[in-house]
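Each residue of the sequence shown is one higher than the one before, counting from -12 in this note's numbering.
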Amino acid sequence: MSAADRTRPVFGAPLLLGFAFMMGVVSTVVFPTAREFAEAPAKQPVDAYSIAYLRVLTRANPRDAQLRAVYVRQLAALGRWDEALAALGAAPADPKAALSMRTLRLDLLLARARAMSEGSASRAAALEGVHHEVRAMLGDARGIGRDRVRDLVGLSLELEDPSLAARYCVELAELETEPLSRAEALGEAGKWFRASGDGARAAELQRRAAETSPDPARKSRHMMAAADTLEAMERPCEAAALLAHDAGVSSDRAFVQRATALMTSCGRARDAKILGRHLVAVAPDDKAERRAQVRRELAAGDPAGALALLGPLVKSHPNDLELRETTARVAEWAGHPYIALEHWVWLISRGKHSRSPQPEL
């Protein structure tokens, strides 16, 4: 064989070009492009071949954050959490893409932790990593959206961090456009701040929730929650003052009762009497409430007011000995001796005598 024969190519240039063209066509048909993977990840298969192909694509396009996210999700779909976390790499320069990558990282950390054995040291350590990520995402509510923030509230509670849940509720309230939803988020924040031991913030947020809510029943509920928190902090008079104005015009019996009880507990007898009269007007047929109001009238130094309530009670319960004796004594204090005499005579005619120096109700 001559030297010319040895140097002559086995395949000509046209044949090589044709072969390369055909391989390109086959690759295009068989393997999705990077854009196809990025735009329709749910349609792409999850198997060893797709993982290998995506690994090549991401190495060829290291700045394509969307493609990298697809690669990471496919690794996660196979339960390869550590590889998926390693593949995340550095955060993209674009703030929106960086935040998306952070939420994906949180999802991976949480999935990996939940896949570990209950009660194991490795699971506890993994959950601490999740906790760290959740804390780090505070302040990003506008970027991740309401649904995601709601998830983070639940996750914070799962991690036994009510203070963190409360902070996310505050962020959620800022995202809510409807007053009712905003008020509910503020109320939840107050509830979880109280659970974390921060009573002052809890009371303030419940008060804000009441101011925000357009629904009277929910407004009352938030106000009472704020008052309960203040009372638990041994600040009953602040709690009473918080409810006083609204209680005077409210038709919510439980709300008025709570305000009246707070007024009594902090020694504001006159205010308790005034609210109690409103309470009797709200529930005019409640005999127990009328008896309680008699005590409030007497505590406020108003026997005439008490006597006005006792008359109808005696008519309803004419054979109640204690009620008769109370009415007789209160009538004396109120300067109505004839009314007092009527009841004393009734008691004596039945062989009953005073058993105590003070009236009982």
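Glycine included, each C-beta is placed from N, C-alpha and C at the ideal position.
As the structure is a prediction and not an experimental result, all values here were calculated from the model.
Asked                                                                                                                        : Found
Cβ pair Thr45, Ala63 closer than 9 Å                                                                                         : no
Cβ-based neighbour list, Leu125, same chain, cut-off 8 Å, excluding 5 preceding and 5 following                              : Leu151, Arg154, Tyr155, Glu158
Per-residue burial, Leu310 [other beta carbons within 10 Å of its own, 16 or more giving buried]                             : buried
Per-residue DSSP class, three states only, for His323                                                                        : coil
Gly76 in three-state terms, based on DSSP                                                                                    : coil
Ala71 to Ala128 span [Cα, whole Å]                                                                                           : 25 Å
Straight-line Cα distance separating Met210 from Leu229                                                                      : 8 Å
Contact check, Gly116 vs Ala100, beta carbons under 9 Å                                                                      : yes
Distance between beta carbons of Leu249 and Ala268, contact taken as under 8 Å                                               : Contact doesn't hold; Cβ gap of about 19 Å is too wide.
Beta-carbon contacts of Ala190 that lie in its chain and below 6 Å, excluding the five residues immediately before and after : Ala213, Thr216, Leu217
Length-filtered (3 minimum) beta strand (DSSP E) runs lying within the stretch 158 to 227                                    : none
9 Å Cβ cutoff met for Asp185 and Ser207                                                                                      : no
Buried or exposed by the 16-neighbour rule on C-beta atoms within 10 Å, applied to Ser109                                    : exposed
CA nearest to the CA of Arg194, picked from Ala182, Ser183, Lys178                                                           : Lys178
For Glu105 and Arg278, the rounded distance between their alpha carbons                                                      : 57 Å
Collapsed DSSP secondary structure at Cys156 in the structure displayed                                                      : helix
Local conformation of Lys339 per DSSP, three classes                                                                         : coil
Through-space distance from Arg181 to Ala196, alpha-carbon basis                                                             : 14 Å
Separation of Ala85 from Gly76, as counted between CA atoms                                                                  : 11 Å
Beta-carbon spacing of Val317, Leu266 below 9 Å                                                                              : no
Three-state secondary structure (DSSP) of Pro290                                                                             : helix
Top-ranked residue by Cα proximity to Ala256, from Val281, Glu165, Ala241                                                    : Val281
Anticipated Cβ contact below 8 Å, Gly235 with Leu192, distance rounded                                                       : Going by Cβ atoms, the distance from Gly235 to Leu192 rounds to 24 Å, so no, they are not a contact pair.
Nearest-angstrom Cα separation, counted from Pro203 out to Arg169                                                            : 15 Å
Where the alpha helix (DSSP H) containing Arg92 begins and where it ends                                                     : 82 to 101
Contact under 9 Å by Cβ, Glu171 with Arg205                                                                                  : yes
Limits of the unbroken alpha helix (DSSP H) element including Arg255                                                         : Taken as a continuous stretch (DSSP letters only), Arg255 belongs to no alpha helix (DSSP H), as it is neither H nor E.
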